[in-house]
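Taken in sequence, the protein lines are chains U and P.
Take 1 as the starting number for the first sequence in the UniProt record's numbering and just add one per residue.
Take 1 as the starting number for the second sequence in the UniProt record's numbering and just add one per residue.
Worksheet for the structure shown next.
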Amino acid sequence: MIIQLAYVVSAALFIFGLKLLGSAATARKGNLMSSVGMLVAIVAALLDKGIVEYQWIIAGVLVGGAIGAAAARLVQMTSMPEMVALFNGFGGMASLLVGAAALSTATNTFTLVTIVLSILIGGLTFTGSLIAWGKLSETIGSGAVMFRGQQIVNSLIVLAILASAVMFCLQPENPTWLYAVIGLSLLFGIMAVIPIGGADMPVVISLLNSYSGLAACAAGFAVNNNILIVAGSLVGASGIILTKIMCKAMNRSLSNVLFSGFGSVSTEETEIEGEIKPISVEDAYYVLEAASSVAIIPGYGMAVAQAQHVVKELTELLEKRGTEVNFGIHPVAGRMPGHMNVLLAEADVPYDQLLEMDDINPRMETVDVAIVIGANDVVNPAARDVQSSPIYGMPVINVDSARTVFVLKRSMASGFAGIENPLFYKENTRMLFGDAKESIGGLIRELSGS
Amino acid sequence: MEAVFLTFILMLSIFLGFELINKVPATLHTPLMSGANAISGITVVGAVSLAGTGQHDLANWLGAGAVALATINVVGGYLVTDRMLAMFKKKGG
Chain U
1 MIIQLAYVVS AALFIFGLKL LGSAATARKG NLMSSVGMLV AIVAALLDKG
51 IVEYQWIIAG VLVGGAIGAA AARLVQMTSM PEMVALFNGF GGMASLLVGA
101 AALSTATNTF TLVTIVLSIL IGGLTFTGSL IAWGKLSETI GSGAVMFRGQ
151 QIVNSLIVLA ILASAVMFCL QPENPTWLYA VIGLSLLFGI MAVIPIGGAD
201 MPVVISLLNS YSGLAACAAG FAVNNNILIV AGSLVGASGI ILTKIMCKAM
251 NRSLSNVLFS GFGSVSTEET EIEGEIKPIS VEDAYYVLEA ASSVAIIPGY
301 GMAVAQAQHV VKELTELLEK RGTEVNFGIH PVAGRMPGHM NVLLAEADVP
351 YDQLLEMDDI NPRMETVDVA IVIGANDVVN PAARDVQSSP IYGMPVINVD
401 SARTVFVLKR SMASGFAGIE NPLFYKENTR MLFGDAKESI GGLIRELSGS
Chain P
1 MEAVFLTFIL MLSIFLGFEL INKVPATLHT PLMSGANAIS GITVVGAVSL
51 AGTGQHDLAN WLGAGAVALA TINVVGGYLV TDRMLAMFKK KGG
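Written out as structure tokens, the structure is:
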């Protein structure tokens with residue numbers, strides 16, 4: 001009874017914690033509240049009369065706690081997507097293990113069905129997340145892996161999963177079906193994520209995040225525990241919403257992201273008028289010096305070049321001269337939702353300077369200089385104008401309506417999607433070639449030297 | 001009956017989750033995800049009851065493994081979220 005009441009308190013704390021996450025000013029308190037909720041739930045669970053031995057629990061907590069604490073302290077902000085991917089995987093695996101362990105006490109078919117679900121979702125979350133982690137950290141190639149008959153192979157795996165799941169529920173005493181479900185779900189996780197390219201990772205991480213919650217939910221049904229269901233479904237809902245936002249920001253349906261392997265889309269040849277106009281750091285400085293309003297649009301390239309700190313320095317110098325500086329953040333910039341915001345927050349850029357796409361676009365016409373740092377597809381005007389473009393219809397930041405656009409870019413190679421960007425050929429665009437960090441460093445030297 | 005009751009809880013919490021998460025601004029989406037990672041570590045609650053039954057069988061081992069993995073999520077998730085949120089500052093603040 002006391003245990004159940006403690007779970008109610010813990011659920012309330014989770015909910016209130018998430019509510020406080022609705023504003024940057026209260027978010028930290030919300031996270032603390034949520035962690036107190038977790039502590040209450042764990043303490044309550046330890047009071048359970050069924051527990052007679054604590055050494056395995058303590059060992060597990062110590063090992064897991066040490067690894068978790070070390071990871072949280074050491075991880076670089078640029079590597080947050082990898083860390084979240086790995087953690088999604090751990091959550092999935094934990095649910096798989098709980099499902100499998102609950103088998104020894106399962107009595108009815110409903111419990112068996114929920115055990116299968118927690119093993120299935122947990123298993124595919126685990127291997128899917130490991131593949132996502134591999135792609136994000138470039139441990140394995142980040143491109144889409146496609147082969148002939150892929151859809152057929154995947155359909156066969158799904159059928160096999162369904163068949164063994166049904167057989168498992170009918171013959172729970174035969175371990176063959178359990179192993180089959182585990183093995184097939186692990187295999188399916190791999191098969192489901194390999195055809196998805198690096199640029200689509202924000203969607204995949206969000207979806208796996210959701211699955212890790214749903215797996216916890218299924219495990220909650222398997223061991224008959226309310227708090228697992230409540231917390232698991234909160235996480236599941238969160239992941240689904242983020243997935244939806246990411247898909248909308250790319251103007252693609254979820255099934256399109258999951259099954260079509262974006263990298264392999266064949267692009268029609270389109271004539272792009274105009275020519276590339278490179279600019280030197282010195283000339284860029286003269287333009288920047290005269291600007292009264294500057295917008296900075298960061299992309300994954302900023303994270304790769306680790307340029308967020310020099311960007312902040314540039315911002316400070318410009319503001320000292322009375323120039324207004326804002327950041328325009330596209331929802332899918334970076335490799336996970338909100339990635340750019342965290343990098344800029346790490347570099348001490350105040351969050352009220354970070355504008356969402358819908359807030360920055362109406363002001364773009366009054367902006368003197370828009371600086372695009374390591375972003376490509378999210379500022380591609382072809383998404384607006386060229387109907388044959390594979391990204392046509394995707395909402396983009398309209399940097400081309402600013403008076404001048406600087407594009408900081410390593411070379412003329414196209415973005416992940418391999419799509420030509422007409423922005424580079426526009427009348428008001430100047431290309432500042434080279435490493436983003438060095439180019440901005442050069443601008444800073446010019447600005448502080450004068 | 002138990003099954004219906006649990007499904008009822010599931011339904012309500014999913015709707016509540018949608019309402020709550022929809023209000024989280026895009027700026028905080030990364031901390032939201034790592035915070036969600038931490039919450040999904042709630043599996044630890046299910047795992048401890050399986051790890052401590054005192055019969056040295058497979059369920060114990062699986063439970064202990066689940067405790068370790070879920071604890072990584074709980075501890076790592078909350079700490080890294082806190083580390084991130086501490087960086088978010090208002091102008092002049």
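All residues carry an ideal CB built from backbone N, CA and C; glycine is no exception.
(message) On the DSSP bridge list, what partners appear for M431 of chain U?
(response) U:P278 and U:V407
(request) Check whether the region 427-446 of chain U touches the region 320-335 of chain U, counting contact only when three or more Cβ pairs, one atom from each stretch, lie closer than 8 Å. (result) no
(request) Could you work out which residues of chain P lie near C217 of chain U, taking near to mean beta carbons separated by less than 8 Å? (result) L10
(message) Helix, strand or coil, according to DSSP, for V294 of chain U in the structure here?
(response) strand
(message) Within 7 Å of any Cβ in chain U, is that where the Cβ of V24 of chain P sits?
(response) yes
(message) Using 8 Å for Cβ pairs, my map puts F126 of chain U next to L178 of chain U. What's the rounded Cβ distance?
(response) Between L178 of chain U and F126 of chain U the Cβ distance is about 16 Å, and since that is not below 8 Å, they are no contact.
(message) At the 7 Å Cβ level, is W177 of chain U part of the contact set with chain P, yes or no?
(response) By this cut-off, W177 of chain U is not an interface position.
(request) Return the chain-ordered list of same chain residues with a C-beta closer than 6 Å to the C-beta of residue 529 of chain U, the five sequence neighbours on each side being excluded. (result) The structure shown does not extend to residue 529 of chain U, since chain U is modelled only from 1 to 450, so the question has no answer here.
(message) By the DSSP assignment, the alpha helix (DSSP H) with I190 of chain U in it spans what residues?
(response) P175 to V193
(request) Could you name the residues of the same chain whose beta carbon sits closer than 6 Å to that of A249 of chain U, not counting the 5 residues immediately before and after it, in chain order? (result) P331 and V332
(message) Just to confirm the assignment, what range does the beta strand (DSSP E) spanning I229 of chain U have?
(response) Counting along the chain, I229 of chain U falls outside any beta strand (DSSP E), though it belongs to the alpha helix (DSSP H) covering N226 to A249.
(request) Measure how close the beta-carbons of I131 of chain U and I194 of chain U come, nearest whole angstrom, since I'm counting them as under 8 Å. (result) 6 Å
(request) Could you tell me which of U:V204, U:S129 and U:V386 sits nearest to V257 of chain U, measuring between CA atoms? (result) U:V204
(message) Going by the DSSP bridge assignment, what does A370 of chain U pair with across the sheet?
(response) Answer is U:A295 and U:V405.
(request) Consider the C-beta atom of V396 of chain U and the heavy atoms of the ligand GTP; say whether any pair is separated by less than 6 Å. (result) Among the components modelled here there is no ligand, and therefore nothing to report on the ligand GTP.
(request) Express the C-alpha separation of R384 of chain U and Y425 of chain U in angstroms, rounding to a whole number. (result) 16 Å
(request) Pull up the DSSP beta-bridge partners for I419 of chain U, would you. (result) Per DSSP, none; premise fails for I419 of chain U.
(request) Tell me, please, which residues DSSP counts as bridged to I329 of chain U. (result) DSSP lists U:E356 as the beta-bridge partner residues of I329 of chain U.
(message) So for E324 of chain U, helix, strand or coil by DSSP?
(response) DSSP places E324 of chain U within a strand segment (E or B) once states are collapsed to three.
(message) Whether or not the region 69-83 of chain P and the region 57-72 of chain U are in contact is what I'm after, with contact meaning three or more pairs of Cβ atoms, one per stretch, closer than 8 Å; do they touch?
(response) Short answer: they touch.
(request) With DSSP collapsed to three states, give me the class of Q76 of chain U. (result) coil
(message) On a Cα-Cα basis, can you pick out the residue from U:Y351, U:Q353, U:F327 and U:G449 that is closest to I397 of chain U?
(response) U:F327
(request) Taking the CB atoms as reference points, tell me whether M38 of chain U and V80 of chain P lie closer together than 7 Å. (result) no
(request) Give me the Cα-Cα distance between V379 of chain U and N31 of chain U, rounded to the nearest whole angstrom. (result) 34 Å
(request) Please name the residue in U:I42, U:V40 and U:F14 whose C-alpha comes closest to that of K29 of chain U. (result) U:F14
(request) Tell me whether G64 of chain U sits in a helix, a strand or coil according to DSSP, three-state version. (result) helix
(message) Against chain P, with Cβ distances strictly below 7 Å, would R98 of chain U count as a contact?
(response) As written in the sequence, residue 98 of chain U is Val, which differs from the Arg given in the question. So, interface residue.
(message) Quick test of your reading: I14 of chain P and A231 of chain U, contact by CB under 8 Å. State the CB separation rounded to the nearest angstrom.
(response) Not quite, the Cβ-Cβ distance comes to about 12 Å (not below 8 Å), so this is no contact.
(message) When you compare the region 46-57 of chain P with the region 42-62 of chain U, are there three or more beta-carbon pairs, one atom per stretch, that lie closer than 8 Å?
(response) yes
(request) Identify whether D48 of chain U lies in helix, strand or coil by the three-state DSSP scheme. (result) coil
(request) Starting from V4 of chain P, find everything on chain U with Cβ-Cβ shorter than 9 Å and list it in chain order. (result) Within 9 Å Cβ-Cβ: nothing; V4 of chain P doesn't reach chain U, min ~10 Å.
(request) Quick one: list the residues of chain B neighbouring K19 of chain U, beta-carbon separation under 9 Å, in chain order. (result) Any reference to chain B falls outside this structure, whose protein chains are U and P.
(message) Applying the 10 Å Cβ sphere with the 16-neighbour rule, what's the burial state of S411 of chain U?
(response) Flag for S411 of chain U reads exposed.
(request) Select from U:A375, U:N341, U:N428 and U:F16 the residue whose C-alpha is nearest the C-alpha of L408 of chain U. (result) With distances taken between Cα atoms, L408 of chain U lies closest to U:A375.
(request) Could you work out which residues of chain P lie near V88 of chain U, taking near to mean beta carbons separated by less than 7 Å? (result) The sequence shown places Asn at residue 88 of chain U, rather than the Val named in the question. Result: N37.
(request) Count the other C-beta atoms from every protein chain shown that fall within 10 angstroms of the C-beta of G135 of chain U, then say buried if there are 16 or more, exposed otherwise. (result) Checking the sequence, you will find Lys at residue 135 of chain U rather than Gly. Looking at its Cβ environment, which holds 16 or more other Cβ atoms inside 10 Å, K135 of chain U is buried.
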